[in-house]
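Visitor: So the sequence shown is numbered by our numbering: it starts at 105 and just counts up by one. Here's a structure for you.
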Amino acid sequence: MTLAAVLAACALAPDRNASRPAYPEAPRNDTVDVYHGVRVADAYRPLEDPDAPETRAWIEAENALTGAYLEAIPERDAIRARLTALWDYERFGLPQKRGERLFYTRNDGLQNQSVLYVEDPGAPARVLLDPNALSADGTIALGPWEPSEDGRYVAYALADGGSDWTDWYVLDADTGQPTGDHLTWIKFVGVAWKQDGSGFFYARYPAPPGGDRLTAVNENQELYFHALGQPQERDVLVWKDPEHPKWEFQPYVSDDGQRLLVQVGEGTDPRSRWWMAPVQTPAALTPLLNEFDASYELAGTEGSTLYFRSDNAAPRGRVIAVDANHPEPAHWKEIVPQSADTLRGVRLCGGMLLCHWLQDAHSRVTLHDLDGGMTRWFAFTEPVTVTGISGRHADPQIFYSYASFTAPERIFTANLDTRADGPFRTPELDFDAAEYVTEQVWYTSKDGTRVPMYLVHKKGLQRNGRNPTYLYGYGGFNVAITPTFSVPNAVWLEMGGLLAVANLRGGGEFGEEWHQAGTVHNKQNVFDDFIAAAEWLVAEKWTAPDKLAIGGRSNGGLLVGACITQRPDLFGAALPGVGVLDMLRYHRFTIGWAWASDYGTSDDPEQFASLYAYSPLHNLKPGAHYPATLITTADHDDRVVPAHSFKFAAALQAAQGGPEPVLIRIDTRAGHGAGKPISKSIAEWADLWGFLVRELGVRLEG
105 MTLAAVLAAC ALAPDRNASR PAYPEAPRND TVDVYHGVRV ADAYRPLEDP
155 DAPETRAWIE AENALTGAYL EAIPERDAIR ARLTALWDYE RFGLPQKRGE
205 RLFYTRNDGL QNQSVLYVED PGAPARVLLD PNALSADGTI ALGPWEPSED
255 GRYVAYALAD GGSDWTDWYV LDADTGQPTG DHLTWIKFVG VAWKQDGSGF
305 FYARYPAPPG GDRLTAVNEN QELYFHALGQ PQERDVLVWK DPEHPKWEFQ
355 PYVSDDGQRL LVQVGEGTDP RSRWWMAPVQ TPAALTPLLN EFDASYELAG
405 TEGSTLYFRS DNAAPRGRVI AVDANHPEPA HWKEIVPQSA DTLRGVRLCG
455 GMLLCHWLQD AHSRVTLHDL DGGMTRWFAF TEPVTVTGIS GRHADPQIFY
505 SYASFTAPER IFTANLDTRA DGPFRTPELD FDAAEYVTEQ VWYTSKDGTR
555 VPMYLVHKKG LQRNGRNPTY LYGYGGFNVA ITPTFSVPNA VWLEMGGLLA
605 VANLRGGGEF GEEWHQAGTV HNKQNVFDDF IAAAEWLVAE KWTAPDKLAI
655 GGRSNGGLLV GACITQRPDL FGAALPGVGV LDMLRYHRFT IGWAWASDYG
705 TSDDPEQFAS LYAYSPLHNL KPGAHYPATL ITTADHDDRV VPAHSFKFAA
755 ALQAAQGGPE PVLIRIDTRA GHGAGKPISK SIAEWADLWG FLVRELGVRL
805 EG
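This is the structure in structure tokens:
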């Protein structure tokens, strides 16, 4: 039975005459900062300390208020039951082949964390690591993992309580037993095994002062080699650069095992440098591509030839070949030129280049020989996102996966020599995709820019101006928002809701020019694009402001916060999740400095002016009527620290001039979102959809 049938008899319209909640008193003081001669009050500065007794008391009071409000929504239990039922389907991660072994993750449906398996030829798959056995509440998650070249060992990361910090360990895949290796103070990077399996290269940060995992700034990353079986204290330092504390290092080993290749980046800026050294003398690193002039992403190597996806002289991306012995640009060879579509990724597999393109924000894949000639085009019958491609340099077998808005990730395997292609794993779940339609529309933003948007809904949905609508966006960091399956979104569709997904500037859907059009002094374009999407939905009679909710997470939480402060009249409800909401101080915590390439910082007078003009925390107007808002965060998010959401919630509650509720849901033993247990995700989305059902007056039909 669908959720709509379960809830048909109990849907209620919100009581707009209800008195506003009695909000807890937030700790505050008289802090005033001076930015380039401008005095800026920061009354809720005490909430930046998540462990202060006053903050903990406020968190408990806010959670009690929010919990009571949500528990009074009669539809919530049925929504939670439907989320639980629909999430209960078997799903797999993309396999990685090493030697003759396959490694992949599997979840039987409602396991809090996916389990790592290994499969030998002719033998049943066996469990290598079950993270569900590591904590009673499912909050220890498996992070990145990497098998050795021969498949004998697997290095893997564990994250505790949603933290970005990971501890790395090693398993013997023959026996399934741990080797005793344990590495700490690592985040945002993977490892690169030496081809003989004797150890791997990795990067780590110095331990923060006092072991502060939550707020201390993360800088001065260093590159090391870890010899298998040795304690971390004996790891060999390969490179450090105290003159550039924000530089970060990601190691790779060439396909022939002869070269160490190091990608050098700074924060979220897509531009990078590359260094290389003989793998046996890694400290002898020399520049390969030594200018932060463009993005360079390694696709694979063939002897001394290195293949990169780059936007150098090609904002939508191209493939170039670089001779490691003569890396000067004059010696580069263009293999696959820029096209009208956006090249998002390339992999060298089986002696071929697999190119993943975005065509109007959905995927296509082409196969090329090493001279660039196209030999095959993978065709899809609906707008999809290719979510992964795996394969090895000399092995013709590849695996690839894709998903759509109405179908979860499907995994296929193909042989590049024989062209044989077929399913590896296809999930089955209780959701009828045939009942829904996905269409792409284009609308015009404030400055005349044409912006695409996906609409997903039940077939036959009438444009009567009253459809409950959830508008989602992100618009930042070169991230492309493309078709993907989500159990919560599927439940929203079952409730009769319209899902709208806008491809805003700042993202990567149309290359680096589209990205830059939504950064720093151009950031207002992102908000204008989102507001224009909402206005289009209303003008085209898909919905009305009182039926329209907006949502986004992280940078998308900033998007929601900025839009409700700029156009509070346009939305009936808002769901800002783990948002960057204090744009003047974001760079002073953990990895926040890394976002400066997209935002700029308040340290610069001109960038301060741009940030101050839209910073959600600083643009609330006392007495304004803001839409019903449910803010979500976690008390120990160490990426976007919870102070953003804490201060914004307290300020918005104080400013609210209308009866619509302003609530904050503060999760515990959780972080920014990665590795969140299924049980916590179900509970959170039951609350979010229950809130929208209540605040948008959703009336469900069987």
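We put the CB at the ideal spot given by N, CA and C, even for glycine.
#1: For the stretch 609–629 and the stretch 572–591, state whether three or more C-beta atom pairs, one from each stretch, are separated by less than 8 Å.
#2: When burial is assigned at 16 or more other CB atoms within 10 Å of the CB, is G407 buried or exposed?
#3: Classify G242: buried if its beta carbon has 16 or more other beta carbons within 10 angstroms, exposed otherwise.
#4: Using a 10 Å radius around the Cβ and a threshold of 16 neighbouring Cβ atoms, would you call M478 buried or exposed?
#5: If I follow the unbroken beta strand (DSSP E) through A505, where does it start and stop?
#6: Specify, as a first and last residue, the run of the beta strand (DSSP E) that T170 falls within.
#7: Output needed for V797: all residues of its chain with C-beta closer than 6 Å, excluding positions within five of it in sequence on either side, in chain order.
#8: L220 to L533, Cα distance in whole Å?
#9: Would you kindly report the start and end of the unbroken alpha helix (DSSP H) that includes T188?
#10: Helix, strand or coil for V684 per DSSP?
#11: Which residue or residues does DSSP assign as beta-bridge partners of S467?
#12: Using the C-alpha atoms, what's the distance from L715 back to W378?
#13: Whole angstroms is fine: what's the gap from T733's alpha carbon to D397's?
#14: Taking contact to mean at least 3 C-beta pairs separated by less than 8 Å, is the stretch 155–171 in contact with the stretch 466–477?
#15: Between G404, Y400, L447, D464, which lies nearest to P47 when the distance is taken from Cα to Cα?
#16: Mapping the DSSP letters down to three states, classify F795 as helix, strand or coil.
#17: Along the chain, where does the alpha helix (DSSP H) that runs through K751 open and close?
#18: Confirm, please, whether the CB-CB distance from L608 to V642 is below 8 Å.
#19: Assign H776 to one of three DSSP states: helix, strand, or coil.
#20: For G495, which beta-bridge partners are listed by DSSP?
#21: Do the CB positions of G704 and G656 come within less than 8 Å of each other?
#22: Taking the alpha helix (DSSP H) that D810 falls in, what are its first and last residues?
#23: What is the rounded straight-line gap between the Cα of L597 and the Cα of T542?
#24: CA-CA distance, D268 and G727?
#25: Using a 10 Å radius around the Cβ and a threshold of 16 neighbouring Cβ atoms, would you call Y547 buried or exposed?
#26: For R692, which option in R743, T647, L663 has the closest C-alpha, if you only look at C-alpha atoms?
#27: Using a Cβ-Cβ cutoff of less than 6 Å, which residues in the same chain neighbour R124 once the five nearest sequence positions on both sides are dropped?
#28: Let me confirm a value: T489 is counted as buried when at least 16 other C-beta atoms fall within 10 Å, else exposed. Which label applies?
#29: According to DSSP, is L520 part of a helix, a strand, or is it coil?
#30: Taking the alpha-carbon positions, what's the R202 to Q501 distance?
#31: Would a C-beta distance cut-off of 8 Å place G676 and P649 closer than the cut-off?
#32: Restricting to Cα atoms, I'd like to know which of A698, G612, A759 is closest to D807.
#33: Starting from the C-beta of Y139, find all residues in its chain whose C-beta is less than 6 Å away, skip the five residues before and the five after it, and write them out in chain order.
#34: At the level of alpha carbons, what is the spacing between G255 and E370?
#35: Using the three-state DSSP reduction, which class does H472 fall into: helix, strand or coil?
#36: K627: buried (16+ other C-beta within 10 angstroms of its C-beta) or exposed?
Guide: With the given structure in hand:
#1: Segments in contact, yes.
#2: By the Cβ neighbour-count rule, G407 is exposed, with fewer than 16 other Cβ atoms within 10 Å of its own.
#3: Buried, by the Cβ-count rule.
#4: By the Cβ-count criterion, M478 is exposed, with fewer than 16 other Cβ atoms from all chains shown falling within 10 Å of its own Cβ.
#5: First, the residue type needs correcting, since residue 505 is Ser and not Ala in the sequence shown. First-last of the beta strand (DSSP E) with S505: 501–507.
#6: Not the beta strand (DSSP E): T170 falls in the alpha helix (DSSP H), residues 157–175.
#7: Result list for V797: E179, in chain order.
#8: Taking the straight line joining both Cα atoms gives about 22 Å.
#9: From DSSP, the alpha helix (DSSP H) with T188 extends over 180–191.
#10: If DSSP states are grouped into helix, strand and coil, V684 belongs with coil.
#11: Its beta-bridge partners are L462.
#12: Distance between the alpha carbons of W378 and L715 is about 32 Å.
#13: One C-alpha to the other measures close to 41 Å.
#14: Taking a cut-off of 8 Å for Cβ pairs, the stretch 155–171 and the stretch 466–477 do not touch, as fewer than three such pairs fall below it.
#15: This structure gives no information on residue 47, because the portion of the chain shown stretches from 105 to 806.
#16: DSSP places F795 in helix when its eight states are reduced to three.
#17: Per DSSP, K751 belongs to the alpha helix (DSSP H) from 747–759.
#18: No, the pair does not count as a contact, with Cβ atoms beyond the cut-off.
#19: Note: H776 maps to coil in three-state DSSP.
#20: Secondary-structure assignment with DSSP links G495 through a beta bridge to I502.
#21: No.
#22: Residue 810 lies beyond the range of the chain shown here (105 to 806); nothing can be said about it.
#23: Answer to the nearest angstrom: the Cα atoms are 11 Å apart.
#24: Looking at the two C-alpha atoms, the distance is approximately 38 Å.
#25: Classified as buried, Y547 has 16 or more neighbouring CB atoms from the shown chains inside 10 Å of its CB.
#26: The residue with the shortest Cα to Cα distance from R692 is R743.
#27: Taken in chain order, the residues that qualify are P763.
#28: Buried is the call here.
#29: DSSP places L520 in coil when its eight states are reduced to three.
#30: The straight-line gap from Cα to Cα measures roughly 11 Å.
#31: For G676 and P649, yes; Cβs fall inside 8 Å.
#32: Nothing can be reported for residue 807, as the shown portion of the chain is limited to 105 through 806.
#33: So the qualifying residues of the chain are S706, F712.
#34: The straight-line gap from Cα to Cα measures roughly 32 Å.
#35: For H472, the three-state secondary structure derived from DSSP is strand.
#36: A residue is called buried once 16 or more other Cβ atoms fall within 10 Å of its Cβ, and K627 is buried on that count.
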